[in-house]
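Asker: Starting off with a structure, shown below.
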Amino acid sequence: MNTIKLNIKYKISALWIVSIFLMILTSCSDFLNVEPDSDLVEEEFWTKREDIESVLAASYDALRETTVPSLIWGELRADMIEIGGSGSEEYQSISEVEIKSTFGVINWKSYYNTINLANTVLFYMPRVQEVDQTLTDEIRNGLEAEAIFLRSLCYFYLVRIWKDAPLVLSPSVSDTVDLFLPKSSEHEIINQIIGDLEQAKDKAFTDELRYPAEGGTSEKYFRGRANKYAILSLLADIYLWNEQYQKCVDACDAVINSNVYSLIPQIDWFTMYYPGNCQESIFELQYDHSLDQYNPIYDDMIKITSGSKLAFSGDKYFTNDDDIRLCTRRTPTWKYTGRSQDFVTARQPVERDGNMIYYRLADIHLLKAEALTELNDPIQASEEVSKVVSIRTGQSFTTIIEKSTLQQAVLNERAREFAVEGKHWFDVLRFAKRNHFENKQVILNMVIEGADAKDRPILRSRLLDTMSYYLPIPENDILYNQNLEQNPYYDR
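Residue numbers (my numbering): 1452 to 1943.
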């Protein structure tokens, strides 16, 4: 077992040396308007391994700013949450397919800030290795794999939210960087990140992340940083989206057969959310109120006490009263507000630090089940679903042979398993877009079902155009960069 000691920490506030650098990279209105200062960056910073680790830590910190948009865009346009209250008018309009590029909530800045920092790590890594012998090839490979994971994760969100987006692979650190890139197609972006991740998975850390520099072991390090299995999980997700089903199965098997992770038993289920970092978790973004790190979802979307804007509306997916995931007829938002599986003890107001879980083992089993369904292997697909159902409900899952029935069963199981975790809309969209949107009726039915009868004809007409399933490019970015073309659905 390798025990490389790694110094990177999540407490970015202590990394004062990088503060000016971060202001340069992320303070402007969007990634296309970043003014470089190469003299500061090159002459005063990139001289030792700790500089690389500091900016990689800053990349994780920047990812925290994507938490709210990732959760909301992964849920809002489906049928499991509603957002109401003062200041939520734009979200309500979007859920009703009344979408404008001028909406302030439509913004990709946080994703590109993270991408820019990851690009910066990758750009300066060779230079630092030349002057610091402690940056060995093994450590360099592991740190590069983390940066590639963060960049690829952000691009995967951009593809699912906007479909096409600028593909930026260089940091804004010199005056030779093109700040006016056009959109790249979904196909180009997906191919880029698959290629990057396939290389990164063989370089990534595995057990090393359990052993921080200060000694001992750390589940926060192991589950809060991107290791080989986090990269494989992201690859499986992307392969399924891209309809590469056997490759999805292979990536899932690599995670499952590692025996590093195990499904958590029903009696301990809530430890997944409080305190987090359970044995099932593969990658989750860390928050810790003792370090003044607060998940922004608590700011106004989900309150610990009262006044939440986000409400659960997916009871129809929960038909089994013994299913612990409904939180005993409370709501799945208890994942964020609760402190105990007794569904009575809530978090203290200061405990606004629930982690953002991106991948856990149940996800891998269900991604594999979906891929096997498309590969016409219903028996094995049903077995994968059964592994999750039995441990969550204590009941068995009957093998389903008929393909369309099994497809819906997998989709419904994912809705239950990941309720209010930012996955449901992406799951529905992935199902609908398969084989050139042959299943788009699923989206039409889902949206129209909850609408007033008088609104249904116009909703149907809007949703017949599949580009309406993606958001418009923010208007300010169109104005700033004339090489950007608007999503054609909104360019009318």
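Cβ coordinates follow ideal geometry from the N, Cα and C atoms, glycine included.
With burial defined as no fewer than 16 other Cβ atoms inside 10 Å of the residue's Cβ, what is the status of F1734: buried or exposed?
Answerer: It counts as buried.
Asker: Pick out whichever of K1560, S1741, D1653 has its Cα sitting closest to the Cα of Y1608.
Answerer: When only C-alpha atoms are compared, the closest one is K1560.
Asker: Nearest to G1525 by alpha carbon, out of E1821, A1904, F1869, V1898?
Answerer: That would be F1869, whose Cα lies nearest to the Cα of G1525.
Asker: Near R1811, what residues of its chain come up, given a Cβ to Cβ distance below 6 Å and the 5 sequence neighbours on each side ignored?
Answerer: The residues are E1731, S1732, I1733.
Asker: Spatial neighbours of K1819 within its chain, please: C-beta separation below 6 Å, excluding the five flanking residues on both sides.
Answerer: So the qualifying residues of the chain are V1700, C1703, E1835.
Asker: Among the candidates S1684, L1618, L1522, L1604, whose CA atom is the shortest distance from the CA of L1630?
Answerer: Per the Cα distances, L1618.
Asker: Using a Cβ distance threshold of 8 Å, determine whether the stretch 1630-1646 contacts the stretch 1889-1909, with at least three qualifying pairs required.
Answerer: At 8 Å Cβ cutoff, the stretches do not touch.
Asker: Any chance you could list the beta strand (DSSP E) runs of at least 3 consecutive residues sitting entirely within the stretch 1732-1773, in chain order?
Answerer: You should have 1732-1736, 1761-1763.
Asker: Could you check the C-alpha separation between T1553 and E1926 for me, to the nearest Å?
Answerer: So the alpha carbons of these two residues sit roughly 6 Å apart.
Asker: Expressed to the nearest angstrom, what Euclidean distance is found between the alpha-carbon atoms of Y1940 and E1549?
Answerer: For Y1940 and E1549, the distance between alpha carbons rounds to 12 Å.
Asker: Which of helix, strand or coil does DSSP assign to Y1809?
Answerer: In this structure, Y1809 counts as strand in the three-state DSSP scheme.
Asker: To the nearest angstrom, report how far apart E1533 and L1761 are at their CA atoms.
Answerer: Looking at the two C-alpha atoms, the distance is approximately 6 Å.
Asker: If I measure Cβ to Cβ from I1924 and keep anything under 7 Å in the same chain, skipping five residues before and after, which residues do I get?
Answerer: Closer than 7 Å at the Cβ level, and outside the excluded window around I1924, lie S1552, W1613, L1935, Q1937, N1938.
Asker: Return the CA-CA distance between A1509 and R1674, expressed in angstroms with no decimal places.
Answerer: Rounded to the nearest angstrom, the two C-alpha atoms are 17 Å apart.
Asker: My output table needs one value for G1646: the three-state DSSP class, helix, strand or coil.
Answerer: G1646 falls in the helix class under three-state DSSP.
Asker: Measuring alpha carbon to alpha carbon, tell me which residue in N1890, V1610, M1576 is nearest A1596.
Answerer: For the residues N1890, V1610, M1576, the minimum Cα distance to A1596 belongs to M1576.
Asker: Where does E1533 fall in DSSP's three states?
Answerer: Reduced to three states, the DSSP call for E1533 is strand.
Asker: Quick check: what's the CA-CA separation for N1678 versus S1912?
Answerer: Rounded to the nearest angstrom, the two C-alpha atoms are 45 Å apart.
Asker: How should I1748 be labelled, buried or exposed, when 16 other C-beta atoms within 10 angstroms of its C-beta is the threshold for buried?
Answerer: I1748 comes out buried.
Asker: If you reduce the DSSP assignment to three classes, tell me which class S1709 lands in.
Answerer: Note: S1709 maps to coil in three-state DSSP.
Asker: By DSSP's criteria, G1789 is part of a beta bridge. Which residues make up the other side?
Answerer: In DSSP, G1789 forms a bridge with A1797.
Asker: Leaving out five residues before and five after E1864 in sequence, what residues of the same chain have Cβ atoms less than 7 Å from its Cβ?
Answerer: Cβ neighbours of E1864 beyond the five flanking positions: L1817, V1836, V1839, V1840.
Asker: Taking K1854 as part of the alpha helix (DSSP H), name the residues at either end of that continuous run.
Answerer: Segment 1854-1868, the alpha helix (DSSP H) holding K1854.
Asker: Does the pairing of the stretch 1847-1858 with the stretch 1824-1832 give three or more beta-carbon distances under 8 Å?
Answerer: Flag = yes, the stretch 1847-1858 and the stretch 1824-1832 touch.
Asker: Thinking just about the alpha-carbon of each residue, which of Y1511, D1530, I1557, A1529 is nearest to the one in E1540?
Answerer: The shortest Cα separation from E1540 among Y1511, D1530, I1557, A1529 belongs to I1557.
Asker: Is the separation between the beta-carbon of K1891 and that of A1883 shorter than 7 Å?
Answerer: Taking 7 Å as the Cβ cut-off, K1891 and A1883 qualify as a contacting pair.
Asker: Could you check the C-alpha separation between I1590 and S1713 for me, to the nearest Å?
Answerer: C-alpha separation (whole angstroms): 28 Å.
Asker: When burial is assigned at 16 or more other CB atoms within 10 Å of the CB, is L1604 buried or exposed?
Answerer: Answer is buried; the Cβ neighbour count reaches 16.
Asker: Against chain D, does L1522 count as a neighbour if the rule is that its beta carbon must be under 7 Å from one of theirs?
Answerer: The displayed structure is made up of one protein chain only, and chain D is not part of it.
Asker: Do V1879 and A1529 come within 7 Å of each other at the CB atom, strictly closer than that value?
Answerer: Taking 7 Å as the Cβ cut-off, A1529 and V1879 qualify as a contacting pair.
Asker: Buried or exposed for N1886, going by 16 or more other Cβ atoms inside 10 Å?
Answerer: Burial call: exposed.
Asker: Quick check: the stretch 1652-1663 against the stretch 1764-1779, are there 3 or more CB pairs under 8 Å?
Answerer: No, the stretch 1652-1663 is not in contact with the stretch 1764-1779.
Asker: Using a 10 Å radius around the Cβ and a threshold of 16 neighbouring Cβ atoms, would you call Q1846 buried or exposed?
Answerer: Per the 10 Å Cβ criterion, exposed.
Asker: How about Q1737 and K1786: are their beta carbons less than 7 Å apart?
Answerer: In this structure, K1786 does not lie closer than 7 Å to Q1737 by Cβ.
Asker: Since C1605 is in the alpha helix (DSSP H), which residue starts that stretch and which ends it?
Answerer: Where C1605 is concerned, the enclosing alpha helix (DSSP H) stretches over 1588-1613.
Asker: Suppose the cutoff is 8 Å on Cβ atoms and the five residues either side in sequence are ignored; what does the same chain contact list for S1521 look like?
Answerer: So the qualifying residues of the chain are Y1608, M1807, G1873.
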